[in-house]
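Read left to right, the sequence shown gives residues 2 to 554 (the working numbering).
Read the structure below first, then the notes.
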Amino acid sequence: MFELTPKQIVAELDKHIVGQDNAKRAVAVAVRNRWRRQQVGDEIKKEIGPKNLMMIGPTGVGKTEIARRLAKLTGAPFIKVEATKYTEVGYYGRDVESMVRELVENAISIVRQQEREKHEAQAKEYSLTAVSSIIKECREKDLLAKEAGTNREPKTSDVNATKDSSDDRMQNVPDLGALFSAIGIPQDKIPKDVTEIVFNVFSAGNSENKSSSEPAPDSDPDAGLFKDQDDDAGCLSGRIEQGVPDSSTDSELLKEIRQRPELQIKQIYRDLSEGKLDNEVIRIFVKESKQLPFVVSNAVGGDGDDSDMQSMLENLIPKQKVQRKVTVAEARKIKYEEYFERTLNPGQVNSQAIELAENMGIIFIDEIDKIVASERQTGADVSRQGVQRDLLPIVEGTTVRTKYGLVSTEHVLFVGAGAFHRVKPTDLMPELQGRFPIRVELTELNCDDFVRILTEPRGALTKQYIALMKTEGVNVSFTEDAVNAIAHYAFEVNQTTQNIGARRLYTIMERLLEELSFEAPEMKMGNVVINAAYVSERLETVVADDDMSRFIL
């Protein structure tokens, strides 16, 4: 979607958002400039900075909706954050650098999805061949046990192979002191019993995982698909080799069973690809990670690297194989995901994601006016002013440390938005104001805008309620005078109470159709026409009473 022209971006936004042409144009140009920068030479590319913009307008006029639709429209990493959830460094809460970490996470999701789409055909082929092999072994095992009338116990050597000595397990326990020190957590902050807990977790994980480790896949995704499938088949009590009797008679029986049509791998593969075996139940082994029995908490702040440290420790715990009984359809999904887990290169994905976030990332900061401190800087106001100071270097361009690597924000596009009811954009720090050079004002919505909102967008409220009632067998239709009446009441309530813009339409529509929504399941079938009289009957009393409208609408 990077190649969309500004006109095309505005046209797409027009399908969902009414009015606010200036804001749409400004956002479209800013997004297009991201693509233009990628087309210039390397020397000038470094000098071209992002054209950050500030959207100013009352609540409910489309600021957030523009950001939400833009996120779906563009393929670039995009996150929307609320400025009010951040606090100054040193105060309990989230620090502003966490928005960059979220942007990188979003970029990684995009890159992983792109890689999955490239190798989707190979992953499907892998899942088909892998599950076909498991089904064959399961059927062979079941038939052998049924024909021979025996079910041998697992070999002693296989049982003993799963045992590890305590010395071997101890060697795999990480040095927690060095690990915590590397991320800036002093030794005295580590819980006293953390080493013992981690040792117990690693011991359990290693003893389970020792006998079930799998070799890495070949460079060719389609090569060696069956070489470790005996670990995945879990039919009856153990592997098929453990159920094979030793006598020559039983060996002949095994040969005869393997010649049966239902055990031919090509036929199984064909039936599986056609979906004929989706409901068949098989047992397979899947890898599962153990979660730490404690929560890692950093020093003052409560955010930062807490989640990074938690996931780091969990990744150190060896994965163990557990047996699960699943349908063939579920097994195919498990093997489908397993293919990507084995073939995707995390280092390559991370490096591509960081580059994508740095050059194409967009961060939408909503409610930015709420971090403006009042004249008396006391209590929370101190933290608000501090958030501005912490936000300034992020917008100017700095390097943020994430668990995937260092990320520069020098070319990340920032879009700020706020109502600015009680404060003005000039009340922000001058340095921060200068980092949002493009300003666009969004206008208040009038009655005509409400009529368009109710009818024009693809997901208009009237269309939503028509679709919802149709599920109950009730056909609802809105006349033109009914839409005009709804828009009139919404505009009138906004003028007499708090103006919340288009969000008022949600409360109006819910109040209007409350009775119909309640009675619809019993109506089963029928046609309901919503006209101006219907609207007036259910809304006139509430709207006329100012006190009631304040609480109900």
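From the three backbone atoms N, C-alpha and C, an ideal C-beta is built for every residue, glycine too.
Only a predicted model underlies this, so the values are computations on that prediction, with no experimental measurement involved.
Cutoff 8 Å; reference residue i; Cβ partners in own chain excluding five residues on either side
i	result
Lys-8	Ala-29
Gln-230	Residue confidence is low: Gln-230 scores 45 on pLDDT, short of 50, so the model does not pin down where it sits. Its coordinate-derived value is still stated next. Contacts found: Ala-131, Ser-134, Ile-135, Glu-138.
Leu-74	Met-2, Leu-5, Ile-10, Glu-13, Leu-14
Leu-278	Ile-136, Ile-269, Asp-272, Val-329
Gln-114	none
Val-112	Val-350, Gln-353, Ala-354, Leu-357
Glu-116	Phe-341, Leu-345, Val-350
Residue i, enclosing alpha helix (DSSP H) - first and last residue
i	result
Gln-115	99-119
Asp-370	Counting along the chain, Asp-370 falls outside any alpha helix (DSSP H), and DSSP gives it neither H nor E.
Gly-406	Gly-406 -> not in any alpha helix (DSSP H); beta strand (DSSP E) instead, spanning 406-409.
Ile-67	64-74
Arg-26	22-40
Leu-357	347-361
Ala-456	Before going on, a small fix: residue 456 reads as Thr here, not Ala. Looking at the DSSP string, the run of the alpha helix (DSSP H) that includes Thr-456 is 448-456.
Arg-271	266-274
Leu-278	Run containing Leu-278: none; DSSP gives neither H nor E here.
Met-470	462-471
Leu-433	431-435
Glu-44	43-46
Own chain partners of residue i with C-beta closer than 6 Å, once the 5 adjacent residues on each side are dropped
i	result
Leu-1	Since the displayed the chain opens at 2 and closes at 554, residue 1 lies outside it and no answer follows.
Thr-85	Glu-368, Lys-371
Asn-23	Val-441
Gln-21	Gly-63, Leu-443
Tyr-127	Tyr-340
Pro-458	His-17
Glu-66	Ile-18
Asn-107	Pro-78, Ile-80
is_contact[residue i, chain B] using C-beta, thresh 8 Å
i	result
Leu-104	No chain B is present in this structure, which holds just one protein chain.
Cβ shell of residue i (< 7 Å), same chain only, five flanking positions each side left out
i	result
Leu-429	Val-373, Gln-389
Thr-456	Thr-463, Val-484
Asp-450	Val-19, Gly-20
Gly-262	Rather than Gly, the amino acid found at residue 262 in this sequence is Pro. Only Gln-268 meet the Cβ criterion.
Ser-158	With a pLDDT of only 39 at Ser-158, under 50, the local geometry of the prediction cannot be trusted, and the value read off the model is given with reservation. Closer than 7 Å at the Cβ level, and outside the excluded window around Ser-158, lies no residue.
Phe-479	Thr-463, Ile-531
Element boundaries [beta strand (DSSP E), containing residue i]
i	result
Ser-417	Note that residue 417 is Gly in the sequence shown, not Ser. Taken as a continuous stretch (DSSP letters only), the beta strand (DSSP E) holding Gly-417 covers 414-419.
Asn-528	527-531
Asn-476	475-479
Met-510	It is not in any beta strand (DSSP E) - Met-510 instead sits in the alpha helix (DSSP H) that spans 505-513.
Phe-79	79-83
Arg-325	321-328
Glu-13	From DSSP, Glu-13 is part of no beta strand (DSSP E) but of the alpha helix (DSSP H) over 7-15.
Phe-286	282-289
Glu-4	Run containing Glu-4: none; DSSP gives neither H nor E here.
Leu-54	54-57
Glu-442	439-442
Thr-400	400-403
Buried versus exposed call for residue i [16 or more other C-beta atoms within 10 Å across all chains shown]
i	result
Leu-54	buried
Ile-266	exposed
Val-282	exposed
Gln-496	exposed
Gly-435	exposed
Val-323	exposed
Thr-427	exposed
Gly-276	exposed
Pro-347	exposed
Arg-343	exposed
Gly-225	Low confidence applies to Gly-225: its pLDDT is 41, below 50, so where it sits in the model is not reliable enough to give any reading.
Phe-415	buried
Lys-25	buried
Phe-519	exposed
Ala-534	exposed
Rounded distance between the beta-carbons of residue j and residue i, thought under 8 Å
i	j	result
Ile-501	Thr-60	6 Å
Gly-406	Leu-104	The pair is not a contact, with the Cβ atoms about 13 Å apart (cut-off 8 Å).
Leu-513	Val-477	With 8 Å as the limit, Leu-513 and Val-477 do not qualify as a contact, their Cβ atoms being about 11 Å apart.
Tyr-490	Leu-540	5 Å
Ala-521	Val-475	5 Å
Arg-33	Ile-49	Not confirmed; about 13 Å, so no contact.
Gln-321	Glu-359	No, Gln-321 and Glu-359 are not in contact; Cβ-Cβ is about 37 Å, not under 8 Å.
Inset, instruction - Decide if the region 94-102 is in contact with the region 393-404; the criterion is three or more beta carbon pairs, one per stretch, under 8 Å apart. - result: Taking 8 Å as the limit for Cβ pairs, the verdict is that the region 393-404 does touch the region 94-102.
Legend entry - Touching by the beta-carbon criterion (3+ pairs, under 8 Å), the region 13-24 and the region 79-87: no
Inset, instruction - Report yes or no: do three or more beta-carbon pairs, one from the region 475-495 and one from the region 37-56, lie closer than 8 Å? - result: By the Cβ test, the region 475-495 is not in contact with the region 37-56, since fewer than three Cβ pairs between them sit closer than 8 Å.
Legend entry - Cβ contact check for the region 496-510 and the region 523-534: 3 or more pairs under 8 Å: Taking 8 Å as the limit for Cβ pairs, the verdict is that the region 523-534 does not touch the region 496-510.
Inset, instruction - Could you say if the region 468-476 and the region 417-425 meet the contact criterion of at least three C-beta pairs nearer than 8 Å? - result: no
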